[in-house]
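Protein chains: 2
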Amino acid sequence: MAYLNENYLKLKAGYLFPEIGRRVSAFTAAQPEAARRLIRCGIGDVTEALPAASRAAMHAAVDELGDRTTFKGYGPEQGYDFLRTAIAENMFRARGLEVADDEIFVSDGSKCDTGNILDIFGTGNRLGIPDPVYPVYVDTNVMAGNTGEADAAGAYAGIGYLPCHEGNGFMPDVPAAGEPPLDLIYLCSPNNPTGAAVTREKLQAWVEYALRHGSVILFDAAYEAFITDPAIPRSIYEIPGGRECAIEFRSFSKHGGFTGVRCAFTVVPKSLMAGTRDGRKLPLHPLWSRRMTTKFNGASYIVQRGAAALFSEAGKAEVATLIDHYLGNAAVLREAARDAGLTSFGGTDAPYIWVKTPGGLGSWEFFDVMLNKLNVVVTPGAGFGAAGEGFFRISAFNSRANAIEVGRRLREEL
Amino acid sequence: MAYLNENYLKLKAGYLFPEIGRRVSAFTAAQPEAARRLIRCGIGDVTEALPAASRAAMHAAVDELGDRTTFKGYGPEQGYDFLRTAIAENMFRARGLEVADDEIFVSDGSKCDTGNILDIFGTGNRLGIPDPVYPVYVDTNVMAGNTGEADAAGAYAGIGYLPCHEGNGFMPDVPAAGEPPLDLIYLCSPNNPTGAAVTREKLQAWVEYALRHGSVILFDAAYEAFITDPAIPRSIYEIPGGRECAIEFRSFSKHGGFTGVRCAFTVVPKSLMAGTRDGRKLPLHPLWSRRMTTKFNGASYIVQRGAAALFSEAGKAEVATLIDHYLGNAAVLREAARDAGLTSFGGTDAPYIWVKTPGGLGSWEFFDVMLNKLNVVVTPGAGFGAAGEGFFRISAFNSRANAIEVGRRLREEL
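Heads up: the sequence lines are chains A and B, in that order. Sequential numbering from 1 applies to the first sequence in our numbering. Sequential numbering from 1 applies to the second sequence in our numbering.
1) Can you look up Leu342(A) in the DSSP assignment and give me helix, strand or coil?
2) Please list, in chain order, the residues of the stretch 143–159 of chain A that have any C-beta partner in chain B closer than 9 Å.
3) As a quick exercise: from Gly275(A), Phe311(A), Gly260(A), Trp288(A), pick the residue whose alpha carbon is nearest that of Ile503(A).
4) Would the beta-carbon of Lys281(A) fall within 8 Å of that of Pro351(A)?
5) For Thr47(A) and Phe397(A), which I take to be in contact (beta-carbon distance under 8 Å), what is that distance rounded to the nearest angstrom?
6) Note down the Cα distance separating Gly160(B) from Asp139(B), rounded to an integer number of angstroms.
7) Assuming Arg427(A) and Ala231(A) are in contact, meaning their beta carbons sit under 8 Å apart, how far apart are those beta carbons, in whole angstroms?
8) For the stretch 130–188 of chain A, list the alpha helix (DSSP H) runs that are entirely contained and at least 4 residues long, ordered along the chain.
9) Helix, strand or coil for Phe384(A)? Go by DSSP, reduced to three states.
10) Going by DSSP, which residues form a beta bridge with Val355(B)?
11) Can you give the beta carbon distance from Val174(A) to Ala196(A), rounded, assuming they're within the 8 Å contact cut?
12) Ignoring anything shorter than 3 residues, give me the beta strand (DSSP E) runs that lie fully in the stretch 70–123 of chain B, in order along the chain.
13) Considering Cα atoms alone, identify which of Val216(B), Gly298(B), Ala320(B) is closest to Met1(A).
14) Would you tell me roughly how many angstroms separate the C-alpha atoms of Tyr223(A) and Thr69(A), rounded to the nearest one?
15) So Tyr8(B) contacts chain A; which residues on that side make the cut at Cβ distance below 9 Å?
16) Does Pro283(A) come out as helix, strand or coil in the three-state DSSP assignment?
17) Which same chain residues, not among the five before or five after Leu38(B), have their C-beta less than 6 Å away from its C-beta?
18) For Arg68(A), go through chain B and note every residue whose CB falls closer than 8 Å to its CB, in chain order.
19) With DSSP collapsed to three states, give me the class of Thr293(A).
20) Where does Thr194(A) fall in DSSP's three states?
21) In the DSSP output, which residue or residues are listed as bridge partners for Thr266(B)?
22) Just verifying my parser: in three-state terms, what is the DSSP assignment at Met273(A)?
23) Counting C-beta neighbours from all protein chains within 10 Å, is the total for Thr294(B) 16 or more, i.e. buried, or is it exposed?
24) Anything in chain A within Cβ reach of Val216(B), meaning under 8 Å, just list it in chain order.
25) Measure the beta-carbon distance from Val303(B) to Gly256(B) and round it to whole angstroms, keeping in mind my assumption that it falls under 8 Å.
26) Are the C-beta of Thr259(A) and some C-beta of chain B separated by less than 8 Å?
27) Once you ignore the five residues that flank Thr28(A) on each side, which residues in its own chain have a CB closer than 8 Å to its CB?
28) Smallest Cα separation from Phe384(A): which of Val261(A), Tyr137(A), Leu65(A)?
29) State buried or exposed for Gly346(A), treating a residue as buried only when at least 16 other CB atoms are found within 10 Å of its CB.
30) Return the CA-CA distance between Ile227(A) and Lys356(A), expressed in angstroms with no decimal places.
31) Tell me which same chain residues have a C-beta within less than 8 Å of the C-beta of Arg23(A), skipping the five on either side of it?
32) If you count every other CB in all the chains shown that lies within 10 Å of the CB of Thr194(B), and 16 or more means buried, which is it?
33) Return the residues of the stretch 300–313 of chain B that lie within a Cβ-Cβ distance of less than 7 Å from chain A, sorted by chain order.
34) Given that Thr266(A) touches chain B, what residues does it touch there, using C-beta distances under 7 Å?
35) Between Ser363(B) and Gly42(B), is the Cβ-Cβ spacing less than 8 Å?
36) On the three-state DSSP scale, how would you describe Ile217(A)?
Spelled out as structure tokens, the structure:
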């Protein structure tokens, strides 16, 4: 008899977005008038038009496929050289960071990459995962059998949750000396959902920790384009030793509005090693290369042309305009939250504002207030992990008019 | 210390295509004159222009993304309804087969799907894998830890190799009664590399075997579009009981010339169950759904529009023309091989011709004859598994002129 992967049975049902959907539906049915002015600031998805430079490049690529002399079939699984070079040159080498073209692995999305990366790691690694954070890190480890069962609060045995709170600037500190060392550490900066970005000092402490213990840091920089503070590192490779301890994930989803187009990449430095049980240290680069060439067949040629065009002069200007738009929304929302007497974080180096629920209300209680009174959908912080309780996330991915209107309601209607 | 997945260290180096490349380079350097007339019939990649219907749909989709009112961000991870419905309706229900829209999971490629499917199966399943066959099935099982080490001949412990030879029509027979039952069985029809397609009787025997033992069949029908014989099943769901024992993989790569565009799908019937170690039987559909929603973010919207257009009247006609073109090449090559006194198989329901090497030459020996004497690159059968020794594969993916010229050389120059 064929046996299924029983680790999947440990997974808690995807609760957050279905429950939001259920409450929004109930509200719409009960208050059809109010529902007409509903504004969604819940989901982390871009809303504005795709850059013209990318569209032009994709039109041209589609036309190329229409002529057998310029037709492209299977491309290199790791990505076309034109894109790998453009990424390495523009995002790393132009900033003085040593990243070779063939250390870039182009994919169809960071969600895939951050999940698939576990393929190349063994079992029994001690996991460090921030709380609250993007749920994919936890779920993929459960699916891979790297955890035990969940407790009543939803915390899985075998995961070292790294709490993110006001006291540590919503970015985890390295474990105290004497605690058992973590082997595989997820860091997400700028962070989804808290909007916090890791400081150079803290990232340096993590790199030093990883080098000391032979740990690997999985650095998710999907929101890197939103960093405005020049003191905040955009890449973990800005930290000395980063190339010896970290894999970095980047995406064009938020950078170029590619959530529906699908393109991302992973950086695996050739100097990054991991251990075998008999005490050898081997490079991870050949393993990821083998994983991608065996279980992936390259991102769409059309899409890769669209991504490469983001690095043209016109493309860069359009990306900057997009980012300014969303950060402008974030500023509107942050100021409105402040005027409404709410304590908020993030929103300066990230498209998310992390707001403390007033009066000690729970995440879901305040979600209901926002829905029923302001007719605005937000995301309850508890949905991103236990340490998110008492907070909610407002997304700046919206039109400016909607951001201004949400701001007005926060000021006048709360 | 972070530990790596040591199963990767069991993998034999990807030998086939690098070795072909090495020999072709050596030939080109040694015989620059002859190299000018080199024709590649090695790789299984399409060569002709993408259907105009798909290109028009993709142009329109790119334009949609350029306007915020029609912009598409994240789509459903399992695929857009417009494509799932078009697939289920055109490829299954129109042929009387019961497949629901939500049993279709759209992806970016069959290579990914046939590799990723192992995520939802447990460890310890007894594997049945044809030999010779598409190498991804074996390699992904090695990477997942489902095998032991390889022996000197490259066969991995723990894999039940199912030999495909002239005696069984290059399609494996069900194991004899009394042999330990296989739990997870790969079938590829039409087969890559042999070009054989499974008969209804043999597929029925496999379905009955799987139902008897609670096995799951992973049915790879990536080359389904090339089937011309009406007696050959195009889907395993044509066989009674298929919905209770099989997952089917299909792709637009060869169907619509999408190898560079990237779109495929997997069918997981809701009636398909697998076991738990404590004796329960549970459906696999929710597991694959959870896998795809957690570790994948949907295929590109642009690409999905392009794939859906293959089901328009114009698209269907263009697909038929493409398939006719490649099958026409296959006929040219088959006839030439016959005229040259070679024994060949396949090429009527598949784009591959499987040719016996003459005079008892080894696969690689005859590869060298084809390269040095005819200046034609083929693929040595041994590269697809031990049972491929003594054969070579000629691919019909080429221009008609090239196919005719290769035919002429086979007749006149061998």
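Backbone N, C-alpha and C define an ideal beta-carbon position, used for all residues, glycine too. Computed from a predicted model, the values in this text were never measured in an experiment.
Considering the structure as presented:
1) coil
2) Residues Met143, Ala144, Gly145.
3) The requested residue 503(A) does not occur in the structure, where chain A is confined to residues 1 to 414.
4) no
5) 5 Å
6) 14 Å
7) Not covered by the structure: residue 427(A). The range shown for chain A is 1 to 414.
8) 136–143
9) helix
10) Paired residue(s): Ser344(B), Phe392(B).
11) That belief does not hold up - the Cβ atoms of Val174(A) and Ala196(A) are roughly 16 Å apart, past 8 Å.
12) Fully enclosed beta strand (DSSP E) runs of 3 or longer: 104–107.
13) Val216(B)
14) 39 Å
15) Asp119, Ile120, Pro286, Leu287, Arg290, Arg291
16) Secondary structure of Pro283(A) (DSSP, three-state): strand.
17) Asn375
18) Thr47, Glu48, Ala49, Ser399
19) helix
20) coil
21) Answer is Phe105(B), Phe249(B).
22) strand
23) buried
24) Within chain A, the residues near Val216(B) are Ala2.
25) No, Val303(B) and Gly256(B) are not in contact; Cβ-Cβ is about 11 Å, not under 8 Å.
26) Taking CB atoms only, Thr259(A) has a neighbour in chain B less than 8 Å away.
27) Ala35, Leu38
28) Tyr137(A)
29) buried
30) 22 Å
31) These residues qualify, in order along the chain: Phe367, Asp368, Leu371.
32) buried
33) Those would be Ser300, Tyr301, Ile302, Val303, in chain order.
34) Under the 7 Å cutoff, chain B gives no residues; its nearest Cβ is about 14 Å from Thr266(A).
35) No, the Cβ-Cβ distance between Ser363(B) and Gly42(B) is not below 8 Å.
36) strand
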